[in-house]
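Heads up, the thing below is written out as structure tokens.
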Amino acid sequence: MKYDVAVLGSINLDVKALVKQYPAYGATATARDIQMLPGGKGANQAVAVAKLGGKLAFMGAIGNDGAGNQMIANLQANHIDTQFIVRKNDIGTGTFIILLDSQGENTMVGTLGANGALTRQEVAQAMAKIDAPVLLLQMETSRESVLTALQEAKRKGMFVILDPAPADNFFEEALKYADCVTPNQQETEKITGIAVHTQEDAEKAAKMIAQKGVPNVIVKMGSVGNVVYHQNQLDFVPATKVRAVDTVGAGDTFAGAMATHYAHHRDLLAAVEFGNAAASIKVSRTGGQKSIPTLAEMTQLV
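Residue numbering for the sequence shown follows this note's numbering, starting at 18 and increasing by one per position.
Next up, the structure:
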């Protein structure tokens, strides 16, 4: 089937605790609210693609449990084709616990669950049925699933956008299949050893990643903006200035928006600008996937 974007990624239940500030080590704290929300980097990116006008194929895995049922229902409510999502009988749906403080910053811990059990064969079978110009993926599923998707996408001539997150799951072999890589500051340091504090740091790191064989590199610097290395030159795309109240899912919104825009227009800098605008709306309001903007909202913004 024909799609705009193929997404491979994680599907999680997010348990979000809203706190005034992070508890001290060993302390017990009371949250202002606790929410149970659909999440996972892959699911967030898939929802962003769908809400921003992209037709997508989504590959992932859930457990045969209540959380998995909830995740499937949520994806279908967002008009996402779930035929390529595998249900695992022997392992639960991925679950993450998120602490969100009053400044909108977040800290997470969780288990991959079924995401880590996605097999090479399952991904290969899905990729054989998918016709799309762009593959978007992160590293929150099994290593073999990531490699298989990358290899199949290269064989098909797809434009591969690799979000090398989370940093702990990064492995360098993935870079040789990527057409574009989009690390944040922590992930950039993991890949290059360069701590990114300034635009000059980001430019140096972007060049180093390009030397590893990736032709397009986007180093995300949060509220500052993005350093973009493409066509053997450096550009800087400033972030859209807003008051951030919830940064959870901002990077995923950026990735989904960028992939969708690139699939439609094949203009990388314009896609980064579109991604920035979408992420700025996302962080300016609380909530999970429901706070990802729609194409209609983006049209009003621009």
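We treat Cβ as the ideally placed atom computed from N, Cα and C, and that holds for glycine.
These numbers were taken from a predicted model, which means no experiment stands behind them.
Checklist entry - Quick one: Cα of Val24 to Cα of Gln168, how far? => result Gln168 has its alpha-carbon roughly 14 Å from the corresponding atom of Val24.
Checklist entry - If we call anything under 8 Å between Cβ atoms a contact, is Leu117 one with Leu35? => result Yes, the Cβ-Cβ distance between Leu117 and Leu35 is below 8 Å.
Next on the checklist: Please report the distance separating the alpha-carbon of Glu189 from that of Leu179.
Outcome noted: Rounded to the nearest angstrom, the two C-alpha atoms are 12 Å apart.
Item to check | Integer Cβ distance of Gly26 from Gln142, believed to fall under 8 Å | outcome: Here Gly26 is actually not in contact with Gln142; their C-beta atoms are around 17 Å apart, not less than 8 Å.
Item to check | Heavy atom of the ligand FMN within 7 Å of Ala219 beta-carbon | outcome: Looking at this structure, you won't find the ligand FMN or any other ligand, since it has none at all.
Item to check | Cβ-based burial, Ser119 [other Cβ within 10 Å; buried from 16] | outcome: Under this definition Ser119 is an exposed residue.
Checklist entry - When you compare only the Cα positions, how much space is there between Lys38 and Gln202? => result The amino acid at residue 38 is misidentified as Lys; the sequence shows Gln. So the alpha carbons of these two residues sit roughly 23 Å apart.
Checklist entry - Can you name the residues that DSSP bridges to Ile114? => result Looking at the DSSP output, Ile114 bridges to Val32, Val126.
Item to check | Selected residue, minimal CA-CA separation from Gly59, among Met125, Asp50, Val163 | outcome: The alpha carbon of Gly59 has as its nearest neighbour, out of Met125, Asp50, Val163, the alpha carbon of Val163.
Checklist entry - Can you tell me where the alpha helix (DSSP H) with Ala295 in it begins and where it stops? => result Here the alpha helix (DSSP H) through Ala295 covers 285-300.
Item to check | Ala222 to Val213 span [Cα, whole Å] | outcome: Going by the C-alpha atoms only, they are around 8 Å apart.
Item to check | Met275 versus Thr316 - alpha carbon distance | outcome: Distance between the alpha carbons of Met275 and Thr316 is about 15 Å.
Checklist entry - Is there contact between the segment 39-48 and the segment 285-299, where contact requires at least three CB pairs shorter than 8 Å? => result Taking a contact to require three or more Cβ pairs closer than 8 Å, the segment 39-48 and the segment 285-299 do not qualify as touching.
Next on the checklist: List, from N- to C-terminal side, the beta strand (DSSP E) runs of 3 residues or more that fit wholly inside the segment 36-119.
Outcome noted: Qualifying beta strand (DSSP E) stretches, in chain order: 50-56, 73-80, 102-105, 111-117.
Item to check | Neighbourhood of Ser159 by C-beta distance below 6 Å, restricted to the same chain and skipping five residues each side | outcome: Gly133, Leu135, listed in sequence order.
Checklist entry - For Ala10, which residues from the same chain have a beta carbon less than 8 Å from its beta carbon, with the 5 sequence-adjacent residues on both sides left out? => result In the structure as shown, the chain begins at 18 and stops at 319. Residue 10 is therefore absent and cannot be evaluated.
Item to check | Residues near Val32 by beta carbon distance below 6 Å, same chain, minus five either side | outcome: Cβ neighbours of Val32 beyond the five flanking positions: Met53, Ile114.
Item to check | Range covered by the alpha helix (DSSP H) that runs through Asp218 | outcome: DSSP places Asp218 inside the alpha helix (DSSP H), whose first and last residues are 216-228.
Item to check | Cβ-Cβ distance between Leu192 and Thr112 below 8 Å | outcome: With respect to Thr112, Leu192 sits apart: the two C-beta atoms are not nearer than 8 Å.
Item to check | Range of the contiguous alpha helix (DSSP H) that encloses Gly268 | outcome: First-last of the alpha helix (DSSP H) with Gly268: 267-282.
Checklist entry - With 16 other CB atoms within 10 Å as the buried threshold, where does Lys146 fall? => result Looking at its Cβ environment, which holds fewer than 16 other Cβ atoms inside 10 Å, Lys146 is exposed.
Next on the checklist: In the DSSP assignment, the beta strand (DSSP E) including Ala23 goes from what residue to what residue?
Outcome noted: Per DSSP, the unbroken beta strand (DSSP E) holding Ala23 starts and ends at 22-25.
Checklist entry - Which class does Gly242 belong to by DSSP, given the choice of helix, strand or coil? => result Correct three-state label for Gly242: strand.
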